[in-house]
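Protein chains: 2
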Amino acid sequence: MSLPPGLSQGQFDNALSEFRTAVGNDWVFTIDEHIAMYKDYFSPLQNTEAQPIPSAAVAPDSVEELKVVLRVANDYQIPLWTISTGKNYGYGGPDSRVNGSVIVDLKRMNRILELNEEHAYALVEPGVSTYDLWREIRRRGYRLWTDGPSPAYASIIGNTLERGAGYGLLGERAAAQCGMEVVLANGDVMRTGMGANSNAETWQQYKYGLGPYVDGMFSQSNLGIVTKMGIWLIPEPPAFRSAEVYVSGHEDIIPMIDTLRPLRLSNVIANSATASTNQGGHIEGAQGPGGGAGGGPNVDGGHAPGLPGWRARLGFYGYDRVVEANWEQVQDEFASAIPSATFHSSRFAAPYNPDEMLTESKLAAGIPSFQEAPIWNHGGTFVSMVMPFTGADYWDFLQTYDGLYQEYGMRYMGGPLHFHAPRSLMTLAGVPLSSTDNAVNERAMALCENLIRVSGEKGWSEYRTPLVFMDNAMESFDFNDHALRRFHETLKDTLDPNGILSPGKNGVWPQRLREERA
Amino acid sequence: MSLPPGLSQGQFDNALSEFRTAVGNDWVFTIDEHIAMYKDYFSPLQNTEAQPIPSAAVAPDSVEELKVVLRVANDYQIPLWTISTGKNYGYGGPDSRVNGSVIVDLKRMNRILELNEEHAYALVEPGVSTYDLWREIRRRGYRLWTDGPSPAYASIIGNTLERGAGYGLLGERAAAQCGMEVVLANGDVMRTGMGANSNAETWQQYKYGLGPYVDGMFSQSNLGIVTKMGIWLIPEPPAFRSAEVYVSGHEDIIPMIDTLRPLRLSNVIANSATASTNQGGHIEGAQGPGGGAGGGPNVDGGHAPGLPGWRARLGFYGYDRVVEANWEQVQDEFASAIPSATFHSSRFAAPYNPDEMLTESKLAAGIPSFQEAPIWNHGGTFVSMVMPFTGADYWDFLQTYDGLYQEYGMRYMGGPLHFHAPRSLMTLAGVPLSSTDNAVNERAMALCENLIRVSGEKGWSEYRTPLVFMDNAMESFDFNDHALRRFHETLKDTLDPNGILSPGKNGVWPQRLREERA
Numbered sequence: 037m038s039l040p041p042g043l044s045q046g047q048f049d050n051a052l053s054e055f056r057t058a059v060g061n062d063w064v065f066t067i068d069e070h071i072a073m074y075k076d077y078f079s080p081l082q083n084t085e086a087q088p089i090p091s092a093a094v095a096p097d098s099v100e101e102l103k104v105v106l107r108v109a110n111d112y113q114i115p116l117w118t119i120s121t122g123k124n125y126g127y128g129g130p131d132s133r134v135n136g137s138v139i140v141d142l143k144r145m146n147r148i149l150e151l152n153e154e155h156a157y158a159l160v161e162p163g164v165s166t167y168d169l170w171r172e173i174r175r176r177g178y179r180l181w182t183d184g185p186s187p188a189y190a191s192i193i194g195n196t197l198e199r200g201a202g203y204g205l206l207g208e209r210a211a212a213q214c215g216m217e218v219v220l221a222n223g224d225v226m227r228t229g230m231g232a233n234s235n236a237e238t239w240q241q242y243k244y245g246l247g248p249y250v251d252g253m254f255s256q257s258n259l260g261i262v263t264k265m266g267i268w269l270i271p272e273p274p275a276f277r278s279a280e281v282y283v284s285g286h287e288d289i290i291p292m293i294d295t296l297r298p299l300r301l302s303n304v305i306a307n308s309a310t311a312s313t314n315q316g317g318h319i320e321g322a323q324g325p326g327g328g329a330g331g332g333p334n335v336d337g338g339h340a341p342g343l344p345g346w347r348a349r350l351g352f353y354g355y356d357r358v359v360e361a362n363w364e365q366v367q368d369e370f371a372s373a374i375p376s377a378t379f380h381s382s383r384f385a386a387p388y389n390p391d392e393m394l395t396e397s398k399l400a401a402g403i404p405s406f407q408e409a410p411i412w413n414h415g416g417t418f419v420s421m422v423m424p425f426t427g428a429d430y431w432d433f434l435q436t437y438d439g440l441y442q443e444y445g446m447r448y449m450g451g452p453l454h455f456h457a458p459r460s461l462m463t464l465a466g467v468p469l470s471s472t473d474n475a476v477n478e479r480a481m482a483l484c485e486n487l488i489r490v491s492g493e494k495g496w497s498e499y500r501t502p503l504v505f506m507d508n509a510m511e512s513f514d515f516n517d518h519a520l521r522r523f524h525e526t527l528k529d530t531l532d533p534n535g536i537l538s539p540g541k542n543g544v545w546p547q548r549l550r551e552e553r554a
Numbered sequence: 037m038s039l040p041p042g043l044s045q046g047q048f049d050n051a052l053s054e055f056r057t058a059v060g061n062d063w064v065f066t067i068d069e070h071i072a073m074y075k076d077y078f079s080p081l082q083n084t085e086a087q088p089i090p091s092a093a094v095a096p097d098s099v100e101e102l103k104v105v106l107r108v109a110n111d112y113q114i115p116l117w118t119i120s121t122g123k124n125y126g127y128g129g130p131d132s133r134v135n136g137s138v139i140v141d142l143k144r145m146n147r148i149l150e151l152n153e154e155h156a157y158a159l160v161e162p163g164v165s166t167y168d169l170w171r172e173i174r175r176r177g178y179r180l181w182t183d184g185p186s187p188a189y190a191s192i193i194g195n196t197l198e199r200g201a202g203y204g205l206l207g208e209r210a211a212a213q214c215g216m217e218v219v220l221a222n223g224d225v226m227r228t229g230m231g232a233n234s235n236a237e238t239w240q241q242y243k244y245g246l247g248p249y250v251d252g253m254f255s256q257s258n259l260g261i262v263t264k265m266g267i268w269l270i271p272e273p274p275a276f277r278s279a280e281v282y283v284s285g286h287e288d289i290i291p292m293i294d295t296l297r298p299l300r301l302s303n304v305i306a307n308s309a310t311a312s313t314n315q316g317g318h319i320e321g322a323q324g325p326g327g328g329a330g331g332g333p334n335v336d337g338g339h340a341p342g343l344p345g346w347r348a349r350l351g352f353y354g355y356d357r358v359v360e361a362n363w364e365q366v367q368d369e370f371a372s373a374i375p376s377a378t379f380h381s382s383r384f385a386a387p388y389n390p391d392e393m394l395t396e397s398k399l400a401a402g403i404p405s406f407q408e409a410p411i412w413n414h415g416g417t418f419v420s421m422v423m424p425f426t427g428a429d430y431w432d433f434l435q436t437y438d439g440l441y442q443e444y445g446m447r448y449m450g451g452p453l454h455f456h457a458p459r460s461l462m463t464l465a466g467v468p469l470s471s472t473d474n475a476v477n478e479r480a481m482a483l484c485e486n487l488i489r490v491s492g493e494k495g496w497s498e499y500r501t502p503l504v505f506m507d508n509a510m511e512s513f514d515f516n517d518h519a520l521r522r523f524h525e526t527l528k529d530t531l532d533p534n535g536i537l538s539p540g541k542n543g544v545w546p547q548r549l550r551e552e553r554a
């Protein structure tokens, strides 16, 4: 069992006793079997001494209980690490950065506080998953769609704060967020946007309120704990077509991206479209080093046998005529740009029956599915970067990354390309880990650090990163002697002087623990 | 001539001398004729002693010059007030809140630093207006549309930071912002989002970067000075239909709003639609107290003669078939909901010729126009509030506001209803002012304060407010003893300990001047 830094066993026992008074005996976890639930099994450090181990986990059921937890943590200077449901797999899951942290597990705060069909939004607590919300919408018979990541057990608040992506009409999760309740490190409870007016009727309907708009400060952040959040939903469209475009040449990804860009920018393709190789599942090549279907790009280009082609997954929504007109036009554009382009699609109309849909259609309709993301099944870590939305940039990226993988005896293994933020291209490189062989994990870690460094130099900085690479990733945001990180840390020291909230999250350290920066 | 609070004439002369060294003699303004250019002529205080008068204005041409201005202001503890082009008419224009402030006028920083057709964005400095950008797009022959407020001389940065609204596909200006350069009170220069990576290729293409997303902190804010901003543009659509729906009964606004809501939420109406009475121009009833075309709602409802009906202004964009299908569907929906509904529309196709368009079509296509917003021509002030997007709420609002106007011998004068933030309804109440009669202005001020107070109680808080009402408006954001305002002021005291940046902006005061809160 770990202890929080600087605390004696006696002091920690006293703190635990106060935590138990705050949340009840059943909701303070200290035995090894329970602590093991908070381990990051997707970390390259997983079998080493360097892997942080929490000292305890505490699960408050309310804002009032959470405030007491914060008071105790301030009194004892205990670093906390807040999770919503802890399903941030590949990026650190439920684990922390500082050995001996106390995990604040918000899974019990799982109430859907409001679900509004007329204005298409929900107000949720951190323990509510996309699946929970989808089920409640179905139960009430509301004609609303949700959206979210393919692992639908993830917390809506957690995934939105991490700026994840869905596959439907509100795929860019951060843009669908409206209004927050935040508990600051000192226990002060704040509502943002229109919610700052205690009579507000538009907390989940208008984002900004009056004066500085602070919601973004609490995303990917350790400046406060979000306890309520508004999330926008989608009115069920009358018709929907789930579509795929296939191209057979490996190098055809270049014109595919360049054809997608203007269609996505002009909202002809209105959903959070993706592309991937036309072999394997959601994460290509995740079967293992050098082997898998991804198998590295053909750096010489062309249609060499064995190198995969690509498919783009698109969604079209609205009145039947609109859906058909947009889809026909998209086919025309691809057919004229890429000779190898072929098309497949499925048409659906309200009332929708999920049982008639394949996974790709479900995702584009925001219907939770548990069938994708196979990398979760065997362990791996990610480097997730943003680059310009052009074929040339992606091809440069493929070659650069494959070259780096080869230095470590692997070939590039890519994840899908996401076009949720419509002017940029987000993708992720997967690096497999071993649950038993530390040499594999050391090599993975070295590769990832190299990928992050080179990405930073190329201008492809990361949008999100696993715990173990947070300092590396933030390091690449270097403008004017890391002015943005210095700004974050100025805010951190002001808002959380004892440095109790998730120290080190995304490379932002409180004064007291700043020497822990990697 | 005013002096900054606490400064002697000798001290101020020394400061002015340092400002002149920083920006050049020609760009420090102190004579009355120049200072008069920075007066708010739309303030109810305009002819009273309470109207703040700047002590000087300083116009830096670069970030380097601005940094020196900030250093001098810190040395002498001089309150500054930053404007981009100062065209925030009705909300305070170029004026400040503290008597004797030095206006930092950024009009000389008017460079279009980047204009990217492929990814549809621009990077601009504060002095660039919507019209400047539109003209540069035309000069280059790029197939891009801009969007923005009807007074197109307004600064893009200024209007976006104030969270203004346009009329086209990117009408919600704050949502179209991507990446900033900010100069903090201490002169530190920070780039946000991907721009924090000095090699970034996606500064204007992906908003969030890694870690806390801080851009919103600098909107409607006095926490920093935005010196560069990315703004998204719209790829020119192949076809465009500018459309209007008319209803003849005054009470028909109720079903009109309720018919608009689902169409707007589902993006069938994709632009930043508006509605207004079918008489008068952009601001109804602005001709004068009790007289104008707005003339107050019919609080008994119905189709009484003389009470105006309404029109909604809509835009449809994309491929011809899509435009026509959506517009036909919208007509069907209105015809079945409202017997009095009639329709008018004009079809356009690329290449577009602005000379063939009327003002309403130009606005929906983001083409700058100077023909609307007649309230600017004779002076008036605003109360601008956000309410739920329902007919019942708006009708309640009309009756409530008209009742309050009548207490002051006037009838309600409304501005258009804006549906740019698609889950809420924003509108504004106009109150005329006199350039000569203080009694008119005192009555206007009392009415506005009452409107703001009642709005706060009703939950219709303001999204933006004139200088003179900023403390009143922020007062209504009262949750947990004004937790959000306390948070803003904690940040203010940390980031700007001398309180030099725009003290009092939106009710956020630095420690040193906090007793000035109304």
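Residue numbers (this note's numbering), protein chains in the order written: chain A, 37 to 554; chain B, 37 to 554. Think of the CB as a built atom: it goes at the ideal place given N, C-alpha and C, for glycine as much as any other residue.
Within the segment 188-218 of chain B, those residues whose Cβ lies closer than 8 Å to any Cβ of chain A are, in chain order, 199, 205, 210, 211 and 214.
For residue 259/B, the C-beta contacts it makes with chain A under 9 Å involve 248, in order along the chain. The three-state reading of DSSP puts residue 523/B in helix, counting H, G and I together. Residue 170/A has a beta carbon lying at 8 Å or more from every beta carbon in chain B. Taking C-beta separations shorter than 7 Å and ignoring five residues to either side along the sequence, the partners of residue 223/A in its chain run 103, 106 and 107, following chain order. In this structure, residue 279/B and residue 243/A do not form a Cβ contact; the two beta carbons are roughly 27 Å apart against a cut-off of 8 Å. Under the three-state reduction of DSSP, residue 449/B is assigned to coil, being neither helix nor strand.
Bridge pairing for residue 418/A: 466/A [DSSP]. DSSP places residue 151/B within a strand segment (E or B) once states are collapsed to three. For a Cβ distance threshold of 8 Å, residue set 422, 457, 459, 460, 462 and 499 of chain B lies close to residue 242/A, ordered along the chain. Listed in chain order, the positions of the segment 340-360 of chain B with a beta carbon within less than 7 Å of a beta carbon of chain A are 354, 355, 357 and 358. The three-state secondary structure of residue 276/A, taken from DSSP, is strand.
With a cutoff of 8 Å on beta-carbon distance, residue 270/A and residue 205/A are scored as near each other. Here the segment 159-171 of chain B lies against the segment 190-201 of chain B, with 3 or more beta-carbon pairs under 8 Å apart. Within chain A, no residue has its beta carbon less than 8 Å from that of residue 221/B; the closest one is some 12 Å off. Scanning chain A for C-beta atoms nearer than 8 Å to the C-beta of residue 287/B yields nothing, as the closest lies near 20 Å away. For residue 539/A, no CB of chain B lies under 8 Å from its own CB, so it is not counted at the interface with that chain. Residues of chain A with a Cβ closer than 7 Å to the Cβ of residue 493/B are, in chain order, 235. Taking the Cα positions, residue 212/A is about 25 Å away from residue 510/A. Below the 9 Å Cβ cutoff, chain B contributes 459 as neighbours of residue 157/A, in chain order.
Between residue 405/B and residue 417/B, the gap from beta carbon to beta carbon reaches 8 Å or more. With contacts defined by Cβ atoms closer than 8 Å, residue 235/B and residue 513/A do not form a contacting pair. The straight-line gap separating the alpha-carbon atoms of residue 119/A and residue 180/A is approximately 27 Å. Using beta-carbon distances, residue 111/A does not count as an interface residue toward chain B, since no partner is under 8 Å.
The segment 455-473 of chain B and the segment 56-66 of chain B do not touch, with fewer than three beta-carbon pairs separated by less than 8 Å. Taking the beta carbon of residue 514/A as reference, the chain B residues within 8 Å of it are 232, 233 and 234, listed in sequence order. Here DSSP, grouped into helix, strand and coil, assigns residue 164/A to coil.
As for any alpha helix (DSSP H) of minimum length 4 sitting wholly inside the segment 87-134 of chain A, the runs are 99-112, ordered along the chain.
Interface flag for residue 253/B against chain A is set, since a Cβ pair is found closer than 8 Å. At a cut-off of 8 Å, the C-beta of residue 548/A has no neighbouring C-beta in chain B.
CA-CA distance, residue 94/A to residue 70/A, rounds to 11 Å. Residue 268/A reaches chain B at 459, counting residues in chain order whose Cβ is nearer than 8 Å. Chain B has a Cβ within less than 8 Å of the Cβ of residue 530/A. The C-beta of residue 440/A comes no closer than 8 Å to any C-beta of chain B.
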